[in-house]
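A.B. asks: What follows is a single structure, and I will ask about it in a moment.
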Amino acid sequence: MRFAAIIGVLVLLVSPPASARAAGPFADWAAVVVAGDFHSHSGGTTEAFDNARRDVSRTLVGLGFERSAIAQFSVRPDRYPSESPGRSDTQAISEALRIKTASAKAGCLFYISSHGSPDGAVLGKTILRPQLLAAMLDQACPNRPSIVVVSACFSGVFIPPLQKSDRLVLTAARSDRASFGCGESDKYPYFDDCFLSAAPTARDFTALGAGAQACVARREKETGAEPPSEPQVWIGAALRPMLPLYAFDRSRPRAP
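In the working numbering, the protein residues as written are 3 to 258.
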């Protein structure tokens, strides 16, 4: 009996409490997901960017992020009352990053789906420039692991300014290439569609990035979209060996 009691005490000492075991690696991460435009490539209107914003947010919950720690932004927030996104502008996004990271302190994720140019990503009537996004994230997420996803044409321009040792950057295209799938009838841009398609089977963000890259290449070949956009993945040296610890939490119920 004494031996059994000792074993029981040891088990309690080395085993984390149930609440800690239940919390996945992204349970204390803040996330901001942005739709930066509503115009199609032809000048009409499209739901593609807001569809991506909505469904990426839902997917993050399924991967282990807390719903309350995710802030969504849209250029036309009044169209989506059930989702209650904020209006897409740099001040509001910067403030949301500050607020969310004040309570969710383990890491940060930023995702934007929009049109892009060599100067940056469209954000309403302005351009979110790479240097500005880098400054916003450096201020809100200092010394924390962070994931940045930019789904836009020419989005590779974001990689050099965003490079930090504890950061992963995933972009929809090279710095000198367009991306595809933002027509009036498209449900999502190609890259966002592939991000969402890769997420259910990916173990972590490294695998998700590779899956999205392969998916985009197949999709562009099938549709004759060229030149290929060549989505980019950049991983900081300090974060790379830690990424296996940031495996997606499949035990959580999937978001509706």
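By construction, the Cβ of each residue, glycine as well, lies at the ideal position given by its N, Cα and C atoms.
1) Starting from the C-beta of R56, find all residues in its chain whose C-beta is less than 8 Å away, skip the five residues before and the five after it, and write them out in chain order.
2) If I follow the unbroken alpha helix (DSSP H) through V58, where does it start and stop?
3) Assuming the contact rule is C-beta atoms closer than 8 Å, L164 and V150 should be a hit. Round their C-beta distance to whole Å, please.
4) What residues match up with Q141 in a beta bridge as DSSP calls it?
5) Check whether the Cβ atoms of A37 and S90 sit closer than 8 Å, and answer yes or no.
6) With distances taken from CA atoms, which of R69, Y248, A227 and S253 is nearest A175?
7) Which first and last residues belong to the beta strand (DSSP E) in which R176 is found?
8) Under the assumption that G185 contacts A200 (Cβ atoms under 8 Å), give the Cβ distance between them as a whole number of angstroms.
9) Rounded to the nearest angstrom, how far is the Cβ of S148 from that of G109, given a contact under 8 Å?
10) Output the distance between the C-alpha atoms of E49 and L130, rounded to the nearest integer angstrom.
11) For A142, I'd like the list of residues in its chain whose CB is within less than 6 Å of its CB, leaving aside the five on either flank, ordered along the chain.
12) Does DSSP classify A6 as helix, strand or coil?
13) Pull up the distance between the alpha-carbon of I95 and that of G211, whole angstroms please.
14) Leaving aside the five residues before and after A22 along the sequence, list all residues of the same chain whose C-beta is less than 8 Å from its C-beta, in chain order.
15) Would P191 and S181 qualify as a contact pair, given that the criterion is a beta-carbon distance under 8 Å?
16) Starting from the N-terminal side, write out each stretch of the beta strand (DSSP E) that is 3 residues or longer and does not extend beyond the stretch 180-246.
17) Leaving out five residues on either side along the sequence, give the residues of the same chain with a beta carbon under 6 Å from the beta carbon of P87.
18) What is the rounded straight-line gap between the Cα of F40 and the Cα of K189?
C.D. replies: According to the data block:
1) Q74, Y82 and E85
2) A50 to L65
3) 6 Å
4) According to DSSP, Q141 bridges with nothing at all.
5) yes
6) A227
7) From DSSP, R176 is part of no beta strand (DSSP E); its letter is neither H nor E.
8) Not a contact, Cβ separation roughly 22 Å.
9) 6 Å
10) 20 Å
11) L99, R100 and T103
12) Unreliable positioning characterises A6 in this predicted model, as indicated by a pLDDT of 41, which lies under 50. A coordinate reading is not provided.
13) 24 Å
14) Unreliable positioning characterises A22 in this predicted model, as indicated by a pLDDT of 36, which lies under 50. The coordinate reading is nonetheless provided below. None.
15) yes
16) 234-237
17) Q74, F75, S76 and P79
18) 12 Å
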